[in-house]
Structures are given as structure tokens and as C-alpha cells.
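Quick mapping for you: the protein sequence lines, in order, are chains A and B.
According to my numbering, the first sequence holds residues 142 to 254 in order.
According to my numbering, the second sequence holds residues 27 to 141 in order.
Where is the CB? At the ideal position from N, CA and C, for every residue including glycine.
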Amino acid sequence: KAGVTQTPRYLIKTRGQQVTLSCSPISGHRSVSWYQQTPGQGLQFLFEYFSETQRNKGNFPGRFSGRQFSNSRSEMNVSTLELGDSALYLCASTTGGGSTEAFFGQGTRLTVV
Amino acid sequence: AQSVTQLDSHVSVSEGTPVLLRCNYSSSYSPSLFWYVQHPNKGLQLLLKYTSAATLVKGINGFEAEFKKSETSFHLTKPSAHMSDAAEYFCVVSASAGNNRKLIWGLGTSLAVNP
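Here's what the structure looks like:
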């Protein structure tokens, strides 16, 4: 069974640009969650999608958005990039139930210059 | 509201000695609790989870954790550290209302293992 796949692995963008990150969950998993990981803040929850609907949302500005497709693949978009958006963005997939294990991708390392 | 506090940001042990990584939680619901490990340049991997069954939970690589409701703690232990255990460890609490689940993450504990 293939794991969670995130693309690209590394990105360098300029302030003001926008970026789209992709996550393909494990086959059969319907929930995808996105996290931002930085050294000072740890893992911060961005949002969760389940069956193409946003089910939970963290405390991030509207510049951060996402969507999920019918095949459960998810994309995350960040517009008007700021230097502080530099981080490791992690995607996790679960079946969507209550306390099931989350499987993580290796992340996308975004650097904003 | 749910929260997780990892009491140590850095822990350093010698190879072959016990490991203790401390985690306290706060939850309005019956929590599910997890420990994840992150090795450098690798994704997060589940070590173990507590979901209201046995309070002593055994995980991979010789790790275990004990759920203590009276102390609201879920400390991670291992009897004998190995060099390969050096990594970042995260304690996580899951609060669910039906299928609507949120994971709350601790800030992590960096474990160093000295030869």
C-alpha cells in the first residue's frame, strides 16, 4: 500500500507570490489534514478535509486555503506569501473516523525569500 | 478545551540508559492520546496510541506509555536508549465529537542520545 505522497518536496518562492502544495492520501483514506511545522511553533493545524468538505479549520489567515477532490487528493494554496510562511508543510491522511492513526507524508519544505 | 504540554523541550541521555519524555494533557472529552516520532528529514511516525483500553500502552521500538487520568499525564518511556532513538517526539491529544476529530500537538521534545 502506497503511503502519503506530498509534492513537491522543496519549494523556493518570493514574497508576494502564491504557491500550491499537493497531497495524495493513502488509498481508501477520506480525510486529509494539513499542518505547518516551524521550529518555534511546533505543528500548527491548518485545516482538515473530509469527503471534499472542510471539516475543521485552524487559526490561520485567509491567505491559506485548501480543497479536496473526489479522489481524496488535496491541495493547499498560500497566496501573497510572507517570509514567515517559510516552514515544513505536512499532510496527514486518516480513514476519517474518531481516533484512528494519522499517516503523514514527508512534507513540503517551503522557503520564502 | 484540549491542550497538550510537553514538559521538556530537550532531553539528553546516554546510550543504554532509560528514557523518560513527559507529557501532560487537558481534555474535556475522553481523550485519545498518541506519541509520534520524527527523525531528521523524515515524516512523522506513530509510536503508540491510547484509546481507552489498557492504560499501559506498548509501542514500536521498545517504547511504552502509561495513561494516568488522575495526573492527566501520558509519559513516554523506554528502558534502554539506542542511538537510533535520537529524534523529535510529539505528544498528541485527539478530541472527537462523532467523526469530527481534532489533533492537538505538543511542541515536541528533542531527544539526544550520547554514546
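Candidates the options: closest to residue i by CA position
| i | options | result |
| --- | --- | --- |
| residue 140 of chain B | B:32, B:132, B:28, B:43 | B:43 |
| residue 78 of chain B | B:72, B:92, B:65, B:67 | B:92 |
| residue 246 of chain A | A:211, A:178, A:197, A:202 | A:178 |
| residue 51 of chain B | B:72, B:121, B:137 | B:121 |
| residue 201 of chain A | A:231, A:158, A:176 | A:176 |
| residue 190 of chain A | A:212, A:157, A:183, A:181 | A:212 |
| residue 107 of chain B | B:137, B:27, B:94 | B:137 |
| residue 233 of chain A | A:207, A:148, A:174, A:224 | A:174 |
| residue 181 of chain A | A:152, A:168, A:153, A:228 | A:228 |
| residue 183 of chain A | A:193, A:151, A:149, A:231 | A:231 |
| residue 224 of chain A | A:194, A:153, A:167, A:242 | A:153 |
| residue 95 of chain B | B:85, B:81, B:87, B:86 | B:81 |
Beta carbon of residue i nearer than 8 Å to that of residue j
| i | j | result |
| --- | --- | --- |
| residue 89 of chain B | residue 102 of chain B | yes |
| residue 37 of chain B | residue 98 of chain B | no |
| residue 170 of chain A | residue 249 of chain A | no |
| residue 216 of chain A | residue 172 of chain A | no |
| residue 74 of chain B | residue 83 of chain B | yes |
| residue 56 of chain B | residue 28 of chain B | no |
| residue 113 of chain B | residue 64 of chain B | yes |
Per-residue contacts from residue i into chain B (C-beta, under 7 Å)
| i | result |
| --- | --- |
| residue 243 of chain A | 129 |
| residue 248 of chain A | 69 |
Under 7 Å from the C-beta of residue i: neighbouring residues of chain A
| i | result |
| --- | --- |
| residue 133 of chain B | 183 |
Residues of its chain near residue i, where Cβ-Cβ distance is below 8 Å and the 5 sequence neighbours each way are ignored
| i | result |
| --- | --- |
| residue 155 of chain A | 222, 253, 254 |
| residue 132 of chain B | 30, 31, 32, 49, 116, 117, 118 |
Amino acids of chain B, ordered along the chain, whose beta-carbon sits closer than 8 Å to that of residue i
| i | result |
| --- | --- |
| residue 188 of chain A | Correct list: empty, because the minimum Cβ distance to chain B is about 11 Å. |
Proximal residues to residue i (C-beta, below 7 Å), its chain only, five neighbours per side dropped
| i | result |
| --- | --- |
| residue 199 of chain A | 185, 186, 187, 188 |
| residue 46 of chain B | 101, 103 |
| residue 219 of chain A | 159, 160, 204, 205, 226 |
| residue 66 of chain B | none |
Chain-order list of residues whose beta-carbon lies under 6 Å from that of residue i (same chain, five-residue window excluded)
| i | result |
| --- | --- |
| residue 214 of chain A | 165 |
| residue 59 of chain B | 76, 100, 119 |
| residue 40 of chain B | 140 |
Proximal chain B residues relative to residue i, where beta-carbon distance stays under 9 Å
| i | result |
| --- | --- |
| residue 162 of chain A | Near residue 162 of chain A there are no residues of chain B at all, since even the closest Cβ is about 15 Å away, more than 9 Å. |
Name the residues in the segment 53-80 of chain B whose C-beta lies less than 7 Å from a C-beta of chain A; which are they?
-> 58, 68, 69, 70, 72, 75, 77
Please name the residues in the segment 80-102 of chain B whose beta-carbon is closer than 7 Å to at least one beta-carbon of chain A, in chain order.
-> Correct list: empty, as no residue qualifies.
Residues in the segment 193-205 of chain A with C-beta within 8 Å of chain B's C-beta atoms, listed in sequence order?
-> 196, 197
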